[in-house]
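One structure is given here, and the rest of the page talks about it.
In full-length UniProt numbering, the protein residues as written are 1 to 279.
And the structure:
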């Protein structure tokens, strides 16, 4: 099976072109290929597929084999792949995901895609739709929640998948291997949750670390950066309708939470290498 390894600010996945390859049991395949010692190595597996309702379709599987709703960094890499591998000559692309159709704008220099802007759709703030258990259906903003032996104030947002955002004075010293699972498997999150630990640098700059459900700590998470920006606006740390720089361990993303509730994400996408593996 032929594959392409790609990364968006360190969020790396194995991409398979299902216009050419047939994938059986992608859940099991993702576990095998994602292993960084006995496989190819990555945060998961992404399938690029035909769609009946958009230009292309993506399916994404985490390193533990669970299927994700979507992936912001993955959408940008798909935009780069389909353009540079000749599957399209369009610079405005529609992409079907498990959380709806996403709209991509490719920024090109010559025949190379240098960055991609993704219309991530409207942020979801209603607790039952995120989902997070709550005593009301008002936005879940800065609510105190007991997590292990800590009382944390959580802001919960969905940008196609569930996120809990925690604002901290420092993020570098946090033990995410210990903290991450406490949030991911907390009883108030019926579908588990991705968790962002965020420091506000100024009103247009955020620093973030992320614990992704099914993958653990990753260098970057596009939907997490979007959720973090929305949470920062809801908590009064950042203005709405202006670009916010989100600094992740793998690099930077620019996120705008627009007045109509839509979230726009712009960032790079890179091809690392191509290969072929015997299954």
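Glycine residues also receive a C-beta, built at the ideal position from the N, C-alpha and C atoms.
Computed from a predicted structure; not experimentally measured.
Whole runs of the alpha helix (DSSP H) within the segment 8–83, excluding any shorter than 4 residues: 26–34
Three-way DSSP call (helix, strand, coil) for residue 247 in this model: To locate residue 247, count along the chain shown from 1; it is residue 247. Residue 247: strand per DSSP, three-state reduction.
For the beta strand (DSSP E) that residue 114 lies in, which residues bound it at each end? The residue you call residue 114 lines up with position 114 of the chain shown. It spans 112–122 - the beta strand (DSSP E) in which residue 114 sits, taken as one unbroken run.
Does the contact criterion of 3 or more C-beta pairs under 8 Å hold for the segment 30–45 versus the segment 179–195? no
Helix, strand or coil at residue 178 according to DSSP, with G and I counted as helix: The sequence position of residue 178 within the chain shown is 178, counting from 1. Of the three classes helix, strand and coil, the one that applies to residue 178 here is helix, per DSSP.
Does the segment 253–268 come close enough to the segment 15–22 that 3 or more CB-CB pairs lie under 8 Å? no
Among 246, 247, 248 and 230, nearest to residue 240 - alpha-carbon criterion: Within the chain shown, numbered from 1, the residue matching residue 240 stands at position 240. Residue 240 has its Cα closest to that of 230, out of 246, 247, 248 and 230.
Counting Cβ pairs closer than 8 Å, one from the segment 103–118 and one from the segment 161–174, do we hit at least three? no
Please classify residue 275: is it buried, with 16 or more other beta-carbons within 10 angstroms of its beta-carbon, or exposed? Position 275 of the chain shown, counted from the start, is the residue given in the question as residue 275. Its Cβ having fewer than 16 others within 10 Å, residue 275 is exposed.
Give the single residue among 12, 25, 62 and 11 whose Cα lies nearest to the Cα of residue 279. What you label residue 279 is simply residue 279 of the chain shown in a count that begins at 1. When each option's Cα is compared against that of residue 279, the closest is 25.
Give the DSSP bridge partners of residue 164, in chain order. Sequence index remark: in the chain shown, residue 164 carries index 164 (1-based). BP columns for residue 164 point to 156 and 195.
When the Cα atoms are used, what is the spatial distance from residue 254 to residue 199? Position 254 of the chain shown, counted from the first residue, corresponds to residue 254. Position 199 of the chain shown, counted from the first residue, corresponds to residue 199. Near 16 Å, if we compare the C-alpha coordinates of residue 199 and residue 254.
Residue 197 versus residue 277 - alpha carbon distance: Start at 1 with the first residue of the chain shown, and residue 197 comes out as number 197. Start at 1 with the first residue of the chain shown, and residue 277 comes out as number 277. Near 37 Å, if we compare the C-alpha coordinates of residue 277 and residue 197.
According to DSSP, is residue 334 part of a helix, a strand, or is it coil? Within the shown structure, residues of the chain are numbered from 1 to 279, placing residue 334 beyond reach of any answer.
Residues in its own chain within less than 7 Å of residue 137 by CB, not counting five upstream and five downstream? Locating residue 137 in the chain shown gives position 137, where the first residue counts as 1. Only 126, 127 and 128 meet the Cβ criterion.
Measure the C-alpha to C-alpha separation of residue 269 and residue 6 and round it to an integer number of angstroms. For the purposes of this step, residue 269 is taken as residue 269 along the chain shown, with counting starting at 1. For the purposes of this step, residue 6 is taken as residue 6 along the chain shown, with counting starting at 1. The straight-line gap from Cα to Cα measures roughly 7 Å.
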